[in-house]
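A.B. asks: A single structure is presented below for examination.
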DNA sequence: CTGCGCGGGGTAAACGTTTACATCCTGCCG
DNA sequence: CGGCAGGATGTAAACGTTTACCCCGCGCAG
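Chains as they are written, first to last, in our numbering: chain L, 223 to 593; chain B, 223 to 593.
Take a look at the structure:
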């Protein structure tokens, strides 16, 4: 069945045209459903010929002449990180429904690698680029990226941001600041005074924004102490280490707020490992509400950003831009999701700040209408 | 800075040629580092012109003439599932290093959707397709896929499988059968008699293979009882539901073996929810060893397949095939990873079948040498 | 009867590369 | 000194589409 050496001659639009006894123009008109009129009988013959020859129009040839590839590049930090995986899924589904292909690139938060991917995407002539992960703070990198992206958009490319970034472009972001403030205030309301913060690498903008939310809430309550902040890699290991450091540093700490769920999960593991009970002895909270957050024990209290929805909204924005319509930056509301990992501090005065467990919507930022 | 309407004329190889005072052929030779000789002075001038014009060679034009896109399609069940995310990362890194781009497609285990993606990838003229998820059993679908793929390979396309599939192509698979048998035997060795099995949809081949491993091990031990098998969606919810069903169905069940970690996590959640202690009352085991497995409490005992490594090996195989070298099916060894979620049954006679916790390598299947 | 609009179809020029082939030198071997 | 092997460069034909233009014939309004 398999003839390794018999790479049969590719069947092109010309082959079909000959078989159907028409010109290539007609074939193209039938197959690309252009609005040019074609008689039913001709259409029929063309369709038949195409089918029997198993003709498969070449997207690359088509792209060359139309200068649109119907492909979108998505730059994430790491596809293996569930946060990005979920957003990617939202992007993919929406783009796919709109006839676009998605190519995912893991930058690993490395400026060089990210730049390399961007250049590659430009060379591929993707119609748009979605930056899913937060921007990376790096002088040289920032300049280069900016010039690259400006050039790209000048040429008709579309750029969409899904997280805080130094570069200015249409974006869909969740309300990081508010989410962070709310969670911090919630913990304070439970009676916690010494609340640790586990951040990510300071070069990632999202991390900085969330940290600033925590910081301002703590300051307003007169509880801020820089000693309570520690950062690590954006991984479970990173979260575990940061938690360990914090724990060793301040024996009165009764809560840990991690800037994302992955790190919070790491903290959870570390605490269990050293025999600290969560939430009886120490409360733990995360950010993002990735799927797994609901399934660990105790359930992780977190700030839900609606990962899938974020991806969908991002794709919709990009497609709106691609079709020439305008679309501007939107901030998506976040939602506090309280599960079992948070509770009043041990023996702490539970002030019962009427905050019912469950979901509290933190509106602000208007979700745009469906298109 | 941004002139919305001034889409400056694209700079092509011709523009560069004129600027450098040479022919397009020369420019091409310099920029695509062909082996054709070019004098240093000319090369210099071309490079300079290209840089100052910000010339960016079009991959699509290049692809049209070379009929190679340096793009690979990966078909997974769901990018938001950590198992696939991790494999994708392995694929991506390796392909990227080899100069290939990866486009990921989530089939959602829907034959129609998967077929649609495959056709799209063919139209895109990707150089290869990697099927990451297990094949879907569906008569009509199977035929269509087979003819599509045969046609594709006839035309020079490369197909690689990363899981059991009805379609025959070079593959890298982990030893599912053996992993399943080993875990089952391990549980039996701990003293469990009533061991439940949580499978995925029966249309997915991987699930069937793992189930058969469980089944044969149980039969050999004279413990098999079809009532102990239940299946559900490949999600945490699916695992939770299946666990619930099993629990209600057999009150003597002391262990649950889920066909993948995601479902095991769901089972874990359900058990905790209904107040069943793991592993004191019921042991739980999974399959895959996704990253999170180590970070839940109790740590999940599972069969490690080395997700990243699987992706890497798959990409290496594909690239070997792409460069004309041959490569054949490899089966990767799996490894039993025992964590806290498994223990002897309550009050059960712990036969102390000398099985030390930790990692036990289940060799067989020779990992190929690095290329 | 003339002319115009339009349905239906063809011709050929792009699109931006790569590459087979031809051309022209220059130097070296016999 | 003739010829020949390369080195260096150019010419132009692909690659597989789309699409701007052109052409023909027919029906119908004026």
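Every residue gets a Cβ at the ideal spot worked out from N, C-alpha and C, and that includes glycine.
Residues bridged to residue 444(B) by DSSP?
C.D. replies: Answer is none; residue 444(B) lacks a bridge partner.
A.B. asks: According to DSSP, simplified to helix, strand and coil, what is residue 551(B)?
C.D. replies: Coil, per DSSP.
A.B. asks: So, are the CB atoms of residue 312(B) and residue 497(B) less than 9 Å apart?
C.D. replies: Contact: no.
A.B. asks: In three-state terms, what does DSSP make of residue 419(L)?
C.D. replies: Looking at residue 419(L) - three-state DSSP - the assignment turns out to be strand.
A.B. asks: Less than 6 Å between C-beta atoms, sequence neighbours within five positions excluded: which residues of the same chain meet that for residue 293(B)?
C.D. replies: Closer than 6 Å at the Cβ level, and outside the excluded window around residue 293(B), lie 323, 348.
A.B. asks: Taking the alpha carbon of residue 558(L) as the reference point, which residue from 508(L), 369(L), 278(L), 309(L) has its own alpha carbon closest?
C.D. replies: The residue with the shortest Cα to Cα distance from residue 558(L) is 508(L).
A.B. asks: Does the stretch 523-542 of chain L come into contact with the stretch 385-397 of chain L, if we say contact requires no fewer than three beta-carbon pairs (one atom in each stretch) closer than 8 Å?
C.D. replies: Judged by Cβ distances under 8 Å, the stretch 523-542 of chain L makes contact with the stretch 385-397 of chain L, as three or more pairs qualify.
A.B. asks: Taking one C-beta from the stretch 315-335 of chain B and one from the stretch 535-542 of chain B each time, how about it: are there three or more such pairs within less than 8 Å?
C.D. replies: They touch, by the three-pair rule.
A.B. asks: Is there a Cβ of chain B sitting closer than 9 Å to that of residue 278(L), yes or no?
C.D. replies: Cβ-Cβ to chain B under 9 Å: yes for residue 278(L).
A.B. asks: Does any CB atom of chain B fall closer than 9 Å to the CB of residue 300(L)?
C.D. replies: Chain B, which has a Cβ nearer than 9 Å to the Cβ of residue 300(L), makes this yes.
A.B. asks: Given a threshold of 16 other Cβ atoms within 10 Å of its Cβ, counted over all protein chains shown, does residue 502(L) qualify as buried or as exposed?
C.D. replies: With fewer than 16 other Cβ atoms within 10 Å, it is exposed.
A.B. asks: Along the alpha helix (DSSP H) that carries residue 266(L), what are the first and last residues, could you check?
C.D. replies: Segment 262-274, the alpha helix (DSSP H) holding residue 266(L).
A.B. asks: So residue 405(B) packs on residue 456(B), CB below 8 Å; how close in whole Å?
C.D. replies: Between residue 456(B) and residue 405(B) the Cβ distance is about 18 Å, and since that is not below 8 Å, they are no contact.
A.B. asks: For the beta strand (DSSP E) containing residue 452(B), name the first residue and the last one.
C.D. replies: 451-453 is the extent of the beta strand (DSSP E) around residue 452(B).
A.B. asks: Is there a Cβ from chain L that is less than 9 Å from the Cβ of residue 416(B)?
C.D. replies: No, residue 416(B) lies away from the interface with chain L (no Cβ there is under 9 Å from its Cβ).
A.B. asks: Between residue 492(L) and the rest of its own chain, which residues show a CB-CB distance below 7 Å, the 5 nearest in sequence each way excluded?
C.D. replies: Correct list, in chain order: 462, 465, 466.
A.B. asks: With distances taken Cα to Cα, identify the nearest neighbour of residue 474(L) among 302(L), 411(L), 569(L).
C.D. replies: If we check each option's Cα against that of residue 474(L), 569(L) comes out closest.
A.B. asks: Would you verify that the beta carbon of residue 497(B) is, or is not, closer than 9 Å to some beta carbon of chain L?
C.D. replies: It does not: the Cβ of residue 497(B) has no partner Cβ on chain L nearer than 9 Å.
A.B. asks: Out of curiosity, what's the CA-to-CA distance linking residue 520(L) and residue 373(L)?
C.D. replies: In a straight line, the C-alpha of residue 520(L) is about 49 Å away from that of residue 373(L).
A.B. asks: Hey, residue 388(B) and residue 364(B) are a contact pair by Cβ (cut 8 Å); roughly how many whole angstroms apart?
C.D. replies: Yes, residue 388(B) and residue 364(B) are in contact; Cβ-Cβ is about 5 Å, under 8 Å.
A.B. asks: With distances taken Cα to Cα, identify the nearest neighbour of residue 549(B) among 425(B), 380(B), 476(B).
C.D. replies: Of the candidates 425(B), 380(B), 476(B), the one whose C-alpha sits nearest the C-alpha of residue 549(B) is 380(B).
A.B. asks: Based on the DSSP output, what are the partners of residue 514(B) in its beta bridges?
C.D. replies: DSSP output for residue 514(B) lists no bridge partner at all.
A.B. asks: Which whole runs of the alpha helix (DSSP H) in the stretch 369-396 of chain B are 4 residues long or more, in chain order?
C.D. replies: List check, alpha helix (DSSP H) in window: nothing returned.
A.B. asks: Between the C-alpha atoms of residue 413(B) and residue 560(B), what's the straight-line distance to the nearest angstrom?
C.D. replies: Cα-Cα distance, rounded: 15 Å.
A.B. asks: Below 8 Å on the Cβ atoms is my guess for residue 477(B) versus residue 418(B); work out the distance and round it to an integer in Å.
C.D. replies: With a Cβ gap of about 7 Å, residue 477(B) and residue 418(B) count as contacting.
A.B. asks: Alpha carbons only, please: which of 490(B), 459(B), 451(B), 302(B) is nearest the one belonging to residue 472(B)?
C.D. replies: Considering only alpha carbons, the answer is 451(B).
A.B. asks: Along the chain, where does the beta strand (DSSP E) containing residue 353(B) start, and where does it finish?
C.D. replies: 350-353 is the extent of the beta strand (DSSP E) around residue 353(B).
A.B. asks: Any idea what DSSP makes of residue 334(L), helix, strand or coil?
C.D. replies: DSSP places residue 334(L) in helix when its eight states are reduced to three.
A.B. asks: For residue 242(L), does the three-state DSSP call read helix, strand or coil?
C.D. replies: Looking at residue 242(L) - three-state DSSP - the assignment turns out to be helix.
A.B. asks: May I have the straight-line CA-CA distance separating residue 189(L) from residue 376(B), to the nearest angstrom?
C.D. replies: An answer regarding residue 189(L) cannot be provided, because it is not within the stretch 223 to 593 covered by chain L.
A.B. asks: Return the residue from the list 426(L), 441(L), 440(L), 444(L) that minimises the CA-CA distance to residue 453(L).
C.D. replies: Nearest option by C-alpha distance: 426(L).
A.B. asks: Within 9 Å of any Cβ in chain L, is that where the Cβ of residue 355(B) sits?
C.D. replies: Judged by the 9 Å Cβ criterion, residue 355(B) is not in contact with chain L.
A.B. asks: Helix, strand or coil for residue 255(L)? Go by DSSP, reduced to three states.
C.D. replies: The answer is coil: DSSP assigns residue 255(L) none of H, G, I, E or B.
A.B. asks: Among 326(B), 284(B), 283(B), which has the Cα closest to the Cα of residue 303(B)?
C.D. replies: The shortest C-alpha separation from residue 303(B) is found at 326(B).
A.B. asks: Under 7 Å, CB to CB, which of the residues in the stretch 286-298 of chain L have a partner in chain B?
C.D. replies: Listed by position along the chain: 286, 291.
A.B. asks: Would a C-beta distance cut-off of 9 Å place residue 331(L) and residue 309(L) closer than the cut-off?
C.D. replies: Contact flag unset, no.
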